[in-house]
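Protein chains in written order, with my numbering: chain A, 1 to 243; chain B, 1 to 243. Glycine included, C-beta positions come from ideal geometry on N, C-alpha and C. Some notes on the structure that comes next.
There are 2 protein chains.
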Amino acid sequence: EIIAAASRLLNADGASAAQGGPLAGKHVLVTSGPTHEPIDPVRYIANRSSGKQGHAIARAAAALGADVTLVTGPVALADPAGINVVHIETAQEMAQAVANALPADVAIFAAAVADWRTTAQKQAKIKKSAGGKPQLELTENPDILAGVGNRTEGRPTLVIGFAAETENVVAEATRKRQTKGADWIVANDVSPARGVFGGDGNTVHLVTAHGVEDWPTLSKDEVAARLMAHIADHFNSKASVAE
Amino acid sequence: EIIAAASRLLNADGASAAQGGPLAGKHVLVTSGPTHEPIDPVRYIANRSSGKQGHAIARAAAALGADVTLVTGPVALADPAGINVVHIETAQEMAQAVANALPADVAIFAAAVADWRTTAQKQAKIKKSAGGKPQLELTENPDILAGVGNRTEGRPTLVIGFAAETENVVAEATRKRQTKGADWIVANDVSPARGVFGGDGNTVHLVTAHGVEDWPTLSKDEVAARLMAHIADHFNSKASVAE
């Protein structure tokens, strides 16, 4: 952990700072993709997520000079260049990888983390003949966003969550911003008719303490760039106030 | 359907036959990949399958001059060139796509079809707050291999199933060959330690009416080529007997 922190400092003083981007010297942590929760060795429960939005955010952060850690579930995307990528499968592994990646100046939770895992993962494949239909008993997974957002020590300056909803999108996002201790929530409507999952476009609402910004439909790359510009503005205005 | 059959005949007399491969004029149906069974708009149950083995088999069949239909679940693989590819998501959609693709001379069921689907798919995202842990009620999916293998009319000449097991691999495959009406079963051990899922290697056993062939560990492309050579031999020896 000391080595990781030192290498981040070196990056901040060296490569990233040399790029002179507005986020040079900042450590940005991004989660992306789904998690897979094993039922048995061949079956699992998953959330729909291509990882396109989260990976785009990681790239956008690196483009502004940040030192980026990307914690990602199983996706069909290549690791972005120049970014420290940590591959995980389950929500518990993601929670651990996030804890390991802290401290960070900004943490952006774009992954679609499974809310539940099976209580007891079967070591052998469940057979169809073995007593009819299996009952899946589910246990709640750790809430990674709330865990970081509600930290009293070592909390990132800016904690940003995502809310993928099919109903009452902005109301749900506003509620989540408060209960999860997030500074901002990026909310979107993932009803099947919207075609967000796996697609390249996204229509989001940015929910902050100041209210709700409705963004137009943009590419996921554009959403990432716009979000990252907001983050850079946030640090610049804070810096101005501090001076 | 008549048009599809006619175009296959034309292919047989035209393009495929012109290639002069040992399977020219044969229609080979291959299933590949996992199926995804939706729980709600954002969650689903899946089987582990990269589709690498099934797609390799489809390519190997085309290389021997066959007219190939590939019915595939969601995979991160490109559609193989020169093959009619049908994309599906659920087991029910795969069963329908297989029925639509018949008649076929050879049907190879390499897909990892989910055995169960949720009884009632929720139209809106299940909320964590809504009454604690959700219980997932499961319904058995149609057995696509058994459905085709046990056909009394329009059964392909050669019906080949796959059995991914973690215990008693050959015994399970032998049982499945009989109950599912398959001619051959390609069985493999998918215990996590084996690294078969997503990997490029595979160690399989070919179970036929004549017994069990244990194949060495091969690449998935080599398994596909060897299986397809067996199939070509089968048709050639049958042709010799008929003459």
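With fewer than 16 other Cβ atoms inside 10 Å of its own Cβ, B:GLN123 counts as exposed. Per DSSP, A:THR90 lies in no alpha helix (DSSP H) segment and is marked neither H nor E. Going by beta carbons, B:GLY33 and B:GLY65 fall outside the 8 Å limit. Assignment of beta strand (DSSP E) within the segment 133 to 191 of chain B, counting only whole runs of 3 or more residues, yields 138 to 140, 158 to 165 and 184 to 189 in chain order. The C-beta separation of B:ILE185 from B:ALA209 comes to about 11 Å, leaving the pair out of contact by the 8 Å criterion.
Where A:ALA46 is concerned, there is no enclosing alpha helix (DSSP H), although the beta strand (DSSP E) around it starts and stops at 43 to 47. Residue state for A:PHE197 is assigned as coil, using DSSP reduced to three classes. For B:PRO192, the neighbours in chain A by C-beta distance under 8 Å run, in chain order, PRO41.
Secondary structure of A:ILE108 (DSSP, three-state): strand.
A direct Cα-to-Cα measurement between B:PRO156 and A:ARG177 gives close to 58 Å. Annotated three-state conformation of A:VAL98 is helix, per DSSP. One finds GLU165 and THR166 in chain B with Cβ atoms closer than 7 Å to the Cβ of A:LYS125, taken in chain order. If you check the CB distance, A:ILE144 and A:VAL207 do not come in under 8 Å.
Nearest C-alpha to B:ALA111 among A:ILE57, A:ALA224 and A:VAL42: A:VAL42. Straight-line spacing of the CA atoms in B:THR174 and B:GLU167 works out to 13 Å. Membership of A:GLY54 in the alpha helix (DSSP H) is indicated by the continuous run 52 to 63. Per DSSP, reduced to three states, the secondary structure at A:HIS234 is helical.
Contact between B:ASN100 and B:ARG117 does not hold, since their C-beta atoms are separated by about 20 Å, which reaches or exceeds 8 Å. Proximity of chain A to B:ARG117 at the Cβ level (cut-off 8 Å) is not reached, the minimal Cβ distance being about 11 Å.
Listed along chain B is no residue with a C-beta nearer than 7 Å to that of A:LEU158; the closest approach is about 24 Å.
Think of a sphere of 7 Å around the beta carbon of B:ARG177: no beta carbon from chain A falls inside it, the nearest being about 16 Å out. A:PRO216 and A:ARG59 have their alpha carbons spaced roughly 21 Å apart. Looking from the CA of A:ALA91, the closest CA among A:THR152, A:LYS52 and A:THR31 belongs to A:THR31. Only those residues of the segment 26 to 55 of chain B whose C-beta falls short of 7 Å from the nearest C-beta of chain A are listed: PRO41, VAL42, ARG43, TYR44, ILE45, ALA46, ASN47 and ARG48. Pairing B:THR139 with B:THR119 gives a Cβ-Cβ distance under 8 Å. By a beta-carbon distance limit of 8 Å, A:VAL159 contacts A:ALA182. Their separation comes to about 5 Å. The secondary-structure analysis by DSSP pairs A:HIS27 across a beta bridge with A:ASP67. Under DSSP, B:ASP214 takes part in a beta bridge, and its partners are B:HIS205. By the neighbour-count criterion, in which a residue is buried when 16 or more other Cβ atoms sit within 10 angstroms of its Cβ, B:LYS238 is exposed.
Listed along chain B is no residue with a C-beta nearer than 8 Å to that of A:LEU70; the closest approach is about 18 Å. B:PRO38: member of the beta strand (DSSP E) spanning 36 to 38, first to last residue.
Within the model, the alpha-carbon separation for B:GLN135 versus B:VAL86 is close to 33 Å. Residue pairing for A:ARG226: DSSP places it in no beta bridge.
B:ALA107 and B:ALA95 have their C-alpha atoms spaced approximately 13 Å apart. Residue range 116 to 118 is occupied by the beta strand (DSSP E) that includes A:THR118.
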